[in-house]
Amino acid sequence: MPSVSDLIVCPYCDALHDVAPVEPGARALCRRCGSTLIRNRPSAPLLVSVLSITSLILMTGGVFFPFLSVSSYGMSNESSVFGAALAFQGDLRPLSFAVLLMIVLLPVTRCIALVYTLLPLALGRPPLRHAVRVFRVAERLRPWSMVEVFVIGTAVALVKVGGIASITLGPAFWAFAVMIFTVALADGYINRWSIWSALATRNGS
Ligand SMILES: [Zn+2]
Numbered sequence: 272m273p274s275v276s277d278l279i280v281c282p283y284c285d286a287l288h289d290v291a292p293v294e295p296g297a298r299a300l301c302r303r304c305g306s307t308l309i310r311n312r313p314s315a316p317l318l319v320s321v322l323s324i325t326s327l328i329l330m331t332g333g334v335f336f337p338f339l340s341v342s343s344y345g346m347s348n349e350s351s352v353f354g355a356a357l358a359f360q361g362d363l364r365p366l367s368f369a370v371l372l373m374i375v376l377l378p379v380t381r382c383i384a385l386v387y388t389l390l391p392l393a394l395g396r397p398p399l400r401h402a403v404r405v406f407r408v409a410e411r412l413r414p415w416s417m418v419e420v421f422v423i424g425t426a427v428a429l430v431k432v433g434g435i436a437s438i439t440l441g442p443a444f445w446a447f448a449v450m451i452f453t454v455a456l457a458d459g460y461i462n463r464w465s466i467w468s469a470l471a472t473r474n475g476s
């Protein structure tokens with residue numbers, strides 16, 4: 272009778288499999304639906320760490336650099352995301368808190384958690400203290416990081432405003448746009464099973 276840690280469930284079709292060792296560079300596929308269960312990519316922790324650090328740098332620029340400038344009838348106004356969030360007054364204050372939380376704080380926390388968990392693994396060192404708990408936080412935050420929703424929402428809004436004022440996108444907009452790709456790429460490299468088992472065998476607590 273195998274123990275629970277020797278079993279893996281396909282996230283797409285729920286088929287149950289016995290875990291077998293996977294060679295570096297190879298993949299284990301679901302027997303029923305063919306989706307990837309385990310991908311042993313030795314460079315993945317390093318790639319995810321580098322992409323997360325890149326995301327953090329882009330986020331810093333994205334928050335404080337000008338996001339866009341609007342000009343109409345000779346008047347022009349330029350704003351950063353930070354400035355725009357602080358501009359909400361009175362009843363709209365909770366909205367500024369929500370904006371900063373969803374598009375800045377949660378993605379930043381998640382990137383830091385991923386670097387904290389994966390960089391030591393990438394460097395061949397034992398996991399840092401509480402690495403298991405920190406990686407669990409990173410996993411929980413995944414659905415709540417809404418950078419892409421923000422960028423797409425902004426783009427749609429700009430198309431509508433474009434008719435009445437002329438809009439110039441600032442460097443922060445492009446920083447957010449590039450961040451969609453660095454975050455998505457990092458997510459693509461994360462193989463949960465490999466990370467959990469690396470954390471377990473290298474004694475993270
Ligand atoms: Zn499957």
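Mapped onto the working numbering, the consecutive letters of the sequence shown carry residue numbers 272 to 476. Glycine residues also receive a C-beta, built at the ideal position from the N, C-alpha and C atoms.
Cut-off 6 Å between Cβ atoms - residues of its own chain near residue i, not counting five sequence neighbours on either side
i	result
E419	I451
R298	T307 and R310
L470	P398, A402 and V403
V341	N348, A436 and I438
Y460	A315, L318 and V319
L429	I438
Contacts around residue i, its chain only, beta-carbon distance under 7 Å, and the 5 residues preceding and following it disregarded
i	result
L456	L322
P313	P295
F353	V334 and F335
L412	L377, T380 and R381
G475	With a pLDDT of only 45 at G475, under 50, the local geometry of the prediction cannot be trusted, and the value read off the model is given with reservation. The answer, listed in chain order, is P398, A402 and V403.
Residues sharing a beta bridge with residue i, DSSP
i	result
T388	According to DSSP, T388 bridges with nothing at all.
R310	R298
I383	None, per the DSSP bridge assignment.
I461	None, per the DSSP bridge assignment.
H288	I279
T439	S340
Spatial neighbours of residue i in its chain, beta-carbon cut-off 8 Å, leaving aside the 5 residues before and after
i	result
R302	A286 and H288
E410	R463
D277	D289 and V290
Of the listed residues the options, nearest to residue i (C-alpha basis)
i	options	result
C281	S468, W464, T472 and R473	W464
T216	L329, P292 and V293	The requested residue 216 is not part of the displayed model; the chain covers only 272 to 476.
W467	S350, V293, T388 and D458	T388
G305	L394, Y283, G441 and V386	Y283
M417	A358, A291 and L371	L371
G395	V290, S367, L278 and T472	T472
P487	P337, V290 and A291	Because residue 487 is not part of the residues shown, which for the chain are 272 to 476, the question remains open.
G433	L363, V375 and S343	S343
A355	V375, F406 and G345	V375
V405	P414, S350, A393 and V386	V386
Presumed contact (8 Å Cβ cut-off) between residue i and residue j, rounded CB distance
i	j	result
V422	F447	5 Å
V408	A369	In fact, because the Cβ distance is near 20 Å, the residues do not count as touching under 8 Å.
V290	I279	5 Å
A339	F444	It should be pointed out that residue 339 corresponds to Leu in this sequence rather than to Ala. With a Cβ gap of about 6 Å, L339 and F444 count as contacting.
Query - Those runs of the beta strand (DSSP E) which lie wholly inside the segment 321–373 and span at least 3 residues - result: DSSP runs (the beta strand (DSSP E)) wholly in the segment 321–373: 337–343 and 346–351.
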